[in-house]
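One structure is given below, encoded as structure tokens.
This is the structure we're talking about:
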């Protein structure tokens, strides 16, 4: 469980209703449209560290967060070149909001490469609907990036995760958080946990100049 003494204010979550993008060309066109929405107020958002919920919802409901979903699951499966262009377009408008989906896309690739057919069908459907994913992989205080102390343990009431994570980009805005933890055999496991799960606290303690709205906190 991620925890700290001063949790972030709850971020308004609504049931998403995302547009489904069908092609690389459509992804690029919509990226330009969303960039025009993100650019106004970008400097003020970075100064205050506050992103209105409607901005984030408009961003993910555009369908851009689902453009890497494989075609066999209903996505556009855009090329890596198109994905890079989309991120460049968005980041030119607001670098912080352009960075937020980085780990979202990485987690989708993990699901594509390692998930079962049932897991892929479930999570890719969530993504196409507009659900946002964030990471909780790294930890502070360790000697190396591989020094993972968070544990996932099986109990009478199911699996339980205990630990503290840092640099969790986008976690304040996410519906799902991918948490890296070690099991009883010290094998790394990636658990996808709803952001509103009991015992999981997101702390918006990230205040880096130019990145205040990436929500890369604890």
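Numbering (the numbering used here), first residue to last: 15 to 232.
By construction, the Cβ of each residue, glycine as well, lies at the ideal position given by its N, Cα and C atoms.
Computed from a prediction, not measured in an experiment: that's the story for all the values here.
Of the residues assessed, residue 60 falls on the buried side of the cut-off, its CB having 16 or more other CB atoms within 10 angstroms. Only residues of its own chain outside the window of five on either side were considered, and among them 159, 179, 180 and 181 have a CB closer than 7 Å to the CB of residue 152, listed in chain order.
Setting aside the 5 residues that flank it on each side, residue 174 is surrounded in the same chain by 167, each with a C-beta closer than 7 Å to its C-beta; the list follows chain order.
Residue 41 places its beta carbon less than 8 Å from that of residue 90. Close CB contacts of residue 197 within its chain, under the 7 Å cut and outside five residues either way in sequence, are with 166 and 203 (chain order). Boundaries for residue 170: no beta strand (DSSP E) harbours it, and the DSSP string shows neither H nor E there.
In this model, residue 186 and residue 39 are separated by some 30 Å (Cα to Cα).
If only complete runs of 4 or more residues are kept, the segment 95 to 164 shows the alpha helix (DSSP H) at 109 to 113, 115 to 128 and 131 to 143, in order along the chain. Per DSSP, reduced to three states, the secondary structure at residue 80 is helical. Beta-bridge partners of residue 194 (DSSP): 204. Cβ contact annotation for residue 87 (same chain, cutoff 8 Å, sequence separation greater than five): 134, 135, 138, 139 and 142, in chain order.
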